[in-house]
DNA sequence: TAATTACCCGAGTACAGTAGTCAGGAATTA
DNA sequence: TAATTCCTGACTACTGTACTCGGGTAATTA
């Protein structure tokens, strides 16, 4: 299975956008800074998400990205496969030709697991992730954890790696 | 997440052993040949499985490997982690330090997914995979598919890659 | 006891894919 | 027109997988 920073960054960026849905477009540089993602790398991922119709972009000053659909209508599975090609964990990519002409001893197992993962990730929407995240932030501002602010101006310690 | 041929081969080899549980030890070369795995590579995996106490070995002519426990008592999760280290899909490896001091926007999601996969793979034993496989083989010998025999003497077309 | 069979172990290597960089271009706004 | 922002493709370093290789060591058989 492919589940790398590529997919993780994509979901993170989408949640970041979803948290600001309804407002002005969000600049790439802001998303990158907030989530510690290399801007040039993030650019590739956003391009893929745009090609898949998950986000829209506008250029020029004040431009940026925004969700193309409501957060309730975008699933995590959708985001990952947009940048990642596949979630399949079988060796043969589902072709059932992993052993001579037929499936190998464990083909069915990986097929089942793939299905399990798919169902799980299709069941989670950006809206849910936002809700979960907002809840966490409330706990934090109550003093449980130290944290960067997510809304409003922020900018410090860029050098910190 | 790490789910590569390493883990897949390990499970395949274990099922191969489980299908012959109770009989004489199975030689490495036989497992390798039947499942199209490089013998030298398989050796590494079996060594790891042995270190984890999942299989036992005996040397000399007539030697080979056998399961250390009953097939009902060996789960797929167990086999994979024996050769693969981890199934965790979070970026931070579960440490919750993926963003500054706290977890990143999507940490909880990956944690949930990891748990999902773990529960699934812990719920599948070698015994079940054997049963499933024997069923498939019955279908096959009824004429549904062409197939190599798995029990009994066999040996042909080694050159076929 | 010598030969054979088979497991044991560590080091080394080719390749692919990920993660990330870089340079230049095109659209939009002020 | 100047600044800002997205857009695109090519390029590179690195890591980890998927192997190979060469020498062991233990057990069995003749």
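Chains as they are written, first to last, in the working numbering: chain A, 22 to 182; chain B, 22 to 182.
We put the CB at the ideal spot given by N, CA and C, even for glycine.
Applying the 10 Å Cβ sphere with the 16-neighbour rule, what's the burial state of residue i?
| i | result |
| --- | --- |
| residue 85 of chain A | buried |
| residue 229 of chain B | As displayed, chain B neither begins before 22 nor continues past 182, which places residue 229 of chain B out of reach and without an answer. |
| residue 144 of chain B | exposed |
| residue 154 of chain A | buried |
| residue 44 of chain B | exposed |
| residue 181 of chain B | Low confidence applies to residue 181 of chain B: its pLDDT is 28, below 50, so where it sits in the model is not reliable, and the reading given next is rough at best. Answer is exposed; the Cβ neighbour count stays below 16. |
| residue 91 of chain A | exposed |
| residue 80 of chain A | exposed |
| residue 103 of chain B | buried |
| residue 159 of chain B | exposed |
| residue 156 of chain B | exposed |
| residue 82 of chain B | exposed |
Using a Cβ-Cβ cut-off of 8 Å, state whether residue i counts as contacting chain A.
| i | result |
| --- | --- |
| residue 169 of chain B | Model confidence at residue 169 of chain B stands at a pLDDT of 36, short of 50, so the residue's coordinates are unreliable and nothing is read from them. |
| residue 96 of chain B | no |
| residue 146 of chain B | no |
| residue 27 of chain B | no |
For a contact meaning CB atoms closer than 8 Å, what does residue i contact in chain A?
| i | result |
| --- | --- |
| residue 63 of chain B | Near residue 63 of chain B there are no residues of chain A at all, since even the closest Cβ is about 14 Å away, more than 8 Å. |
| residue 110 of chain B | 24 |
| residue 138 of chain B | 134, 137 and 138 |
In chain A, which residues lie less than 9 Å from residue i when you measure between Cβ atoms?
| i | result |
| --- | --- |
| residue 66 of chain B | By Cβ distance, chain A contributes nothing, its closest Cβ being about 14 Å from residue 66 of chain B, past 9 Å. |
Against chain B, with Cβ distances strictly below 8 Å, would residue i count as a contact?
| i | result |
| --- | --- |
| residue 87 of chain A | no |
| residue 159 of chain A | no |
| residue 118 of chain A | no |
| residue 56 of chain A | yes |
| residue 105 of chain A | no |
| residue 37 of chain A | yes |
| residue 32 of chain A | yes |
| residue 69 of chain A | no |
What residue range does the alpha helix (DSSP H) around residue i cover?
| i | result |
| --- | --- |
| residue 101 of chain B | 97-105 |
| residue 129 of chain A | 128-143 |
| residue 28 of chain A | 26-39 |
For residue i, name the three-state secondary structure that DSSP assigns.
| i | result |
| --- | --- |
| residue 57 of chain A | coil |
| residue 75 of chain B | coil |
| residue 108 of chain A | coil |
| residue 167 of chain B | Caution applies to residue 167 of chain B, whose pLDDT of 39 falls short of 50 and renders its modelled position unreliable; the value that the coordinates give is listed next. Correct three-state label for residue 167 of chain B: coil. |
Ends of the beta strand (DSSP E) at residue i?
| i | result |
| --- | --- |
| residue 85 of chain B | 85-88 |
Check the Cβ of residue i against every Cβ in chain B and list those closer than 8 Å, keeping chain order.
| i | result |
| --- | --- |
| residue 100 of chain A | Those do not exist, as residue 100 of chain A stays about 10 Å from chain B at its closest Cβ, beyond 8 Å. |
Applying a beta-carbon distance threshold of less than 9 Å, which residues of chain B neighbour residue i?
| i | result |
| --- | --- |
| residue 113 of chain A | Those do not exist, as residue 113 of chain A stays about 10 Å from chain B at its closest Cβ, beyond 9 Å. |
Against residue i, what residues of chain A qualify as contacts under a CB-to-CB distance less than 7 Å, listed in chain order?
| i | result |
| --- | --- |
| residue 129 of chain B | 153 |
| residue 150 of chain B | 127 and 130 |
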